[in-house]
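Enquirer: The numbering of the sequence shown is full-length UniProt numbering, which starts it at 1 and goes up by one.
By construction, the Cβ of each residue, glycine as well, lies at the ideal position given by its N, Cα and C atoms.
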Amino acid sequence: MLASCRSVTDLVAAYARGERIKLLFFWGHNPERDGGVGAGCLSQWWPSPFMVDGVVFATAEHYMMWRKAHPVR
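1. Between Arg-17, Gly-18, Ala-14 and His-29, which has its C-alpha nearest Gln-44's C-alpha?
2. Please report the residue range of the alpha helix (DSSP H) in which Val-8 lies.
3. Find out if the Cβ-Cβ distance for the pair Ala-58, Pro-71 is shorter than 8 Å.
4. DSSP three-state label for Arg-20, please.
5. Please state if the CB of Ser-7 and the CB of Lys-22 are separated by a distance shorter than 8 Å.
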């Protein structure tokens, strides 16, 4: 049986029972062919602009790289 887990507790229990776990690995950042939102929106490169401290970031990846360059003091 292919387990579809919705929590860490479910995942641990399914793994302990020896069930096959359905995983979603890293995904591309492109929209679905019909233009809709699919699993691609889980990518850090998905275009979803937001602002932090007055700086606008196009994607979560841009923000992550900016934070790496500006360590917390």
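Expert: Taking the coordinates as given:
1. His-29
2. 8 to 16
3. no
4. strand
5. no
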